[in-house]
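The letter at position 376 of the sequence shown is residue 376 when you use full-length UniProt numbering, and the numbering goes up by one with no holes.
Even for Gly, the Cβ is constructed at its ideal location relative to N, Cα and C.
If you're wondering where the values come from, they're calculated on a predicted model, not measured in any experiment.
Before any comments, here is the structure.
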Amino acid sequence: SKTISKCYVQVTGMTCASCVANIERNLRREDGIHSILVALMAGKAEVRYNPAVIHPAAIAELIRELGFGATVMENCGEGDGILELVVRGMTCASCVHKIESTLMKTNGVLYCSVALATNKAHIKYDPEAIGPRDVIQVIKDLGFTTSLVKKDRSASHLDHKQEIRQWKRSFVVSLVFCIPVMGLMIYMMVMDSQLSDAHTHHNMSSEEMEALHSSMVLEYQLLPGLSVMNFLSFLLCVPVQVFGGWHFYIQASRALRHNTANMDVLVVLATSIAFLYSFVILLVAMAERAKVNPVTFFDTPPMLFVFISLGRWLEHVAKGKTSEALARLISLQATEATIVTLGPDNVLLSEEQVDVELVQRGDIVKVVPGGKFPVDGRVIEGHSMVDESLITGEAMPVTKKPGNTVIAGSINQNGSLLISATHVGADTTLSQIVKLVEEAQTSKAPIQQFADKLSGYFVPFIVAVSVVTLLAWIIIGFVDFEIVEKYFLGYNKSISAAEVIIRFAFQASITVLCIACPCSLGLA
1 SKTISKCYVQ VTGMTCASCV ANIERNLRRE DGIHSILVAL MAGKAEVRYN
51 PAVIHPAAIA ELIRELGFGA TVMENCGEGD GILELVVRGM TCASCVHKIE
101 STLMKTNGVL YCSVALATNK AHIKYDPEAI GPRDVIQVIK DLGFTTSLVK
151 KDRSASHLDH KQEIRQWKRS FVVSLVFCIP VMGLMIYMMV MDSQLSDAHT
201 HHNMSSEEME ALHSSMVLEY QLLPGLSVMN FLSFLLCVPV QVFGGWHFYI
251 QASRALRHNT ANMDVLVVLA TSIAFLYSFV ILLVAMAERA KVNPVTFFDT
301 PPMLFVFISL GRWLEHVAKG KTSEALARLI SLQATEATIV TLGPDNVLLS
351 EEQVDVELVQ RGDIVKVVPG GKFPVDGRVI EGHSMVDESL ITGEAMPVTK
401 KPGNTVIAGS INQNGSLLIS ATHVGADTTL SQIVKLVEEA QTSKAPIQQF
451 ADKLSGYFVP FIVAVSVVTL LAWIIIGFVD FEIVEKYFLG YNKSISAAEV
501 IIRFAFQASI TVLCIACPCS LGLA
């Protein structure tokens, strides 16, 4: 017998079923080509050829001449079928060995591993030579009961409802506490500008200035060193830091455990440091009984959390929309198929209902009026109209007669059809569409990967810069104290120069950290 080899060709530029028909029709005429099967969504042609007459590069060239892009695919493992089974009745390791060795001897089985503990079998097979039903039969003949691992057909893993809820809650919590903080800030700014106006116009003495300052409601000190403003900001900031930032903390700790720094690490770093620094400064001021209220950064965390959780929330809402469409697609798949055995002259000998996953390539499947097509195939017998609108968007039913192709998931309307399965399981058009949408969802946008990669370098860089800022100001301060004095307004004359320098240096480095850290990169 002449040997027959199989190769896969990646075909680009196919737009519709007529392209597929065109390629298949033209290549079948060629010498040495035994059969060809083209999958439109996967963009893949499976060609069986006689290596004595023709070779894969020539086949790709033939497809190119028809006006499509074609490259021979090196790894031919793409075409292997994978089967996951639950096997019951195994008692010991010898059972496992018996199943494995028998299956490995079976023609067409490429790989097989059986786990006694979980009762599962994982089998790789060549769909050309053998199919899932044959494998199941082999195991049954050995005296074990076996069934398919039930796939979760609902697209629950694509459901973003929980994340949407979680980020929405996070956003709302942050927003509720952020608005008063922003209100306080704006009020302070307005008052400050009025003060400076008053100062320029009336040449007040600094004592009067102090009096005016402390007469402002928000600057009023509840305890020495603790102003109303700072106290309120602190109260509003705590819940945001805990509830709004909860998910960020979890994500960041995971990232750090794997020695990477992503967006979440930046957000957590900036907000935590701003919060802790402000908190410590308040405690110090209260301990010192400071007359002038310290500058705190309690406004930073709520505002950051608001923007970022809003971004995440919107992102998941968008993803959820796509997932809905996908869940609808998945629900279109038929769950069962009626397989028939034909005698001479296409006489029906027997028929049986099987799981869709068990339909093998080359099986004859019967589809009754009103039924769904379980797999992609070619019509062998019968005439009917078929509603393919779910895949093609075409509202009018399409006529099907022997030789026409049918798409899994489309609905048979008035006549009974017998089809021969060409693409089964994960190769059907519907499965390919689902797979493409899933891939589109799980893959990040290139710019997002770039941002994550950047923030990998960005985090250590910013931390380093703020440490440098801290050290630089400490050195400057000890070398030339006047500079610090000039920039560090309203510090209490009663505290030592060293403390002033260190406090100012800290303030500068925290500012660097808070401003540089998460903002633009993460939000964008």
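Starting from residue 236, trace the alpha helix (DSSP H) both ways and give me its first and last residue. Translated into positions along the sequence shown, residue 236 becomes position 236. Taken as a continuous stretch (DSSP letters only), the alpha helix (DSSP H) holding residue 236 covers 228–239.
Return helix, strand or coil for residue 291, following the three-state DSSP convention. Within the sequence shown, the letter at position 291 stands for residue 291. Reduced to three states, the DSSP call for residue 291 is coil.
What separation, rounded to the nearest whole angstrom, lies between the Cα atoms of residue 376 and residue 182? Within the sequence shown, residue 376 is the residue found at index 376, counting from 1. Within the sequence shown, residue 182 is the residue found at index 182, counting from 1. The alpha-carbon atoms of residue 376 and residue 182 are separated by roughly 60 angstroms.
Taking three-plus beta-carbon pairs below 8 angstroms as touching, is the stretch 298–305 in contact with the stretch 226–245? yes
According to the neighbour-count rule (16 or more other Cβ atoms, all chains shown, within 10 Å of its Cβ), is residue 343 buried or exposed? Residue 343 sits at position 343 when you count from the first residue of the sequence shown. Exposed.
Apart from the five residues just before and just after residue 390, which ones in its own chain have a Cβ nearer than 7 angstroms to its Cβ? The sequence position of residue 390 within the sequence shown is 390, counting from 1. So the qualifying residues of the chain are 332, 409, 410.
Alpha-carbon to alpha-carbon, residue 80 and residue 425: Looking up residue 425 in the sequence shown gives position 425. Looking up residue 80 in the sequence shown gives position 80. The alpha-carbon atoms of residue 425 and residue 80 are separated by roughly 11 angstroms.
Closest by CA to residue 316, which one among 7, 511, 61, 167? Locating residue 316 in the sequence shown gives position 316, where the first residue counts as 1. Looking at the Cα atoms, 167 is the closest of the given residues.
Would you mind sorting residue 468 into buried or exposed? The rule is 16 or more other CB atoms within 10 Å of its CB. Here residue 468 refers to the residue found at position 468 of the sequence shown. Answer is exposed; the Cβ neighbour count stays below 16.
Leaving out five residues before and five after residue 99 in sequence, what residues of the same chain have Cβ atoms less than 8 angstroms from its Cβ? Along the sequence shown, one-based indexing puts residue 99 at 99. 87, 90, 112, 114, 121, 139, 142, 144.
Which residues bound the beta strand (DSSP E) around residue 379? For the purposes of this step, residue 379 is identified with residue 379 of the sequence shown, where counting begins at 1. It spans 376–381 - the beta strand (DSSP E) in which residue 379 sits, taken as one unbroken run.
What do you get for residue 412, buried or exposed, if any count of 16 or more other CB atoms within 10 angstroms of its CB means buried? The sequence position of residue 412 within the sequence shown is 412, counting from 1. The residue in question, residue 412, is buried, as its Cβ has 16 or more Cβ neighbours within 10 Å.
The beta strand (DSSP E) spanning residue 400 covers which residue range? Along the sequence shown, one-based indexing puts residue 400 at 400. Start and end: 398–400.
Measure the alpha-carbon distance for residue 396 versus residue 407 and round it to whole angstroms. Here residue 396 refers to the residue found at position 396 of the sequence shown. Here residue 407 refers to the residue found at position 407 of the sequence shown. Straight-line Cα distance between these residues: approximately 15 angstroms.
Restricting to Cα atoms, I'd like to know which of 102, 6, 161 is closest to residue 324. Stepping through the sequence shown from its first residue, residue 324 is reached at position 324. That would be 161, whose Cα lies nearest to the Cα of residue 324.
Would you kindly work out how many angstroms separate the C-alpha atoms of residue 146 and residue 378, rounded to a whole number? Within the sequence shown, residue 146 is the residue found at index 146, counting from 1. Within the sequence shown, residue 378 is the residue found at index 378, counting from 1. For residue 146 and residue 378, the distance between alpha carbons rounds to 31 angstroms.
Measure the beta-carbon distance from residue 9 to residue 59 and round it to whole angstroms, keeping in mind my assumption that it falls under 8 angstroms. In the sequence shown, counting from the first residue as 1, residue 9 sits at position 9. In the sequence shown, counting from the first residue as 1, residue 59 sits at position 59. Confirmed, about 6 angstroms.
Would you kindly work out how many angstroms separate the C-alpha atoms of residue 353 and residue 70, rounded to a whole number? Along the sequence shown, one-based indexing puts residue 353 at 353. Along the sequence shown, one-based indexing puts residue 70 at 70. One C-alpha to the other measures close to 39 angstroms.
Taking Cβ positions, are residue 34 and residue 63 nearer each other than 8 angstroms? In the sequence shown, residue 34 corresponds to position 34, counting from 1. In the sequence shown, residue 63 corresponds to position 63, counting from 1. It is not a contact, given that the beta carbons lie outside the stated cut-off.
What are the start and end residues of the beta strand (DSSP E) that includes residue 372? The residue labelled residue 372 in the question sits at position 372 within the sequence shown. Element bounds for residue 372: n/a, residue is neither H nor E.
Between the Cα of residue 117 and those of 137, 93, 103, 107, spot the shortest distance and give me the residue it belongs to. Here residue 117 is taken as the residue at index 117 of the sequence shown, counted from 1. Nearest C-alpha to residue 117: 93.
Out of 275, 225, 48, 273, which one is the CA nearest neighbour of residue 289? Stepping through the sequence shown from its first residue, residue 289 is reached at position 289. It is 225 whose Cα lies nearest to the Cα of residue 289.
Determine the contact status of residue 107 and residue 123, defining contact as a CB-CB distance below 8 angstroms. Indexing the sequence shown from 1 puts residue 107 at position 107. Indexing the sequence shown from 1 puts residue 123 at position 123. No.
Among 419, 177, 250, nearest to residue 367 - alpha-carbon criterion: Counting from 1 along the sequence shown, the entry for residue 367 is found at position 367. Ranking the options by Cα distance to residue 367, first place goes to 419.
Can you give me the Cβ contacts of residue 28 inside the same chain, cut-off strictly under 7 angstroms, excluding the 5 residues immediately before and after it? If you number the sequence shown from 1, residue 28 lands on position 28. Answer for residue 28: 36, listed in chain order.
For residue 82 and residue 433, the rounded distance between their alpha carbons: Numbered from 1 along the sequence shown, position 433 holds the residue referred to as residue 433. Numbered from 1 along the sequence shown, position 82 holds the residue referred to as residue 82. The alpha-carbon atoms of residue 433 and residue 82 are separated by roughly 19 angstroms.
Close-in-space but distant-in-sequence residues of the same chain around residue 264 (CB under 7 angstroms, 5 per side omitted): As a first step, residue 264 is located in the sequence shown; it is residue number 264 there, counting from the start. Taken in chain order, the residues that qualify are 248, 251, 252, 255.
When we look at the beta-carbon of residue 165 and count the other beta-carbons within 10 Å, is it buried (16 or more) or exposed? Working through the sequence shown from its first residue, we reach residue 165 at position 165. Exposed, by the Cβ-count rule.
Opening and closing residue of the beta strand (DSSP E) in which residue 316 lies: Along the sequence shown, read from residue 1 onward, the residue named residue 316 stands at position 316. Looking at the DSSP string, residue 316 is not in any beta strand (DSSP E); the run it does join, the alpha helix (DSSP H), is 300–331.
Short Cβ contact (8 angstroms threshold) for residue 302 with residue 174: Residue 302 sits at position 302 when you count from the first residue of the sequence shown. Residue 174 sits at position 174 when you count from the first residue of the sequence shown. Yes, they are a contact pair.
Among the candidates 102, 14, 24, 49, whose CA atom is the shortest distance from the CA of residue 67? As a position in the sequence shown, residue 67 is number 67, starting the count at 1. It is 14 whose Cα lies nearest to the Cα of residue 67.
Given this structure, state the Cα-to-Cα distance separating residue 26 from residue 84, to the nearest angstrom. Reading the sequence shown from its first residue, position 26 is the one you call residue 26. Reading the sequence shown from its first residue, position 84 is the one you call residue 84. When rounded, the distance between both Cα atoms is 37 angstroms.
Residue 360 versus 381, 336, 349, 348, residue with shortest Cα-Cα distance: Here residue 360 refers to the residue found at position 360 when the sequence shown is read from its first residue. For the residues 381, 336, 349, 348, the minimum Cα distance to residue 360 belongs to 336.
Candidates 39, 22, 400, 48: which alpha carbon is nearest residue 31's? Numbered from 1 along the sequence shown, position 31 holds the residue referred to as residue 31. Checking every option, the nearest Cα to that of residue 31 belongs to 48.
Looking only at C-alpha atoms, which of 258, 381, 330, 294 sits nearest to residue 421? The residue labelled residue 421 in the question sits at position 421 within the sequence shown. Closest option to residue 421, Cα to Cα, is 381.
Out of 461, 405, 237, state which residue places its alpha-carbon closest to the alpha-carbon of residue 20. Numbered from its first residue, the sequence shown carries residue 20 at position 20. Ranking 461, 405, 237 by Cα distance to residue 20 puts 405 first.
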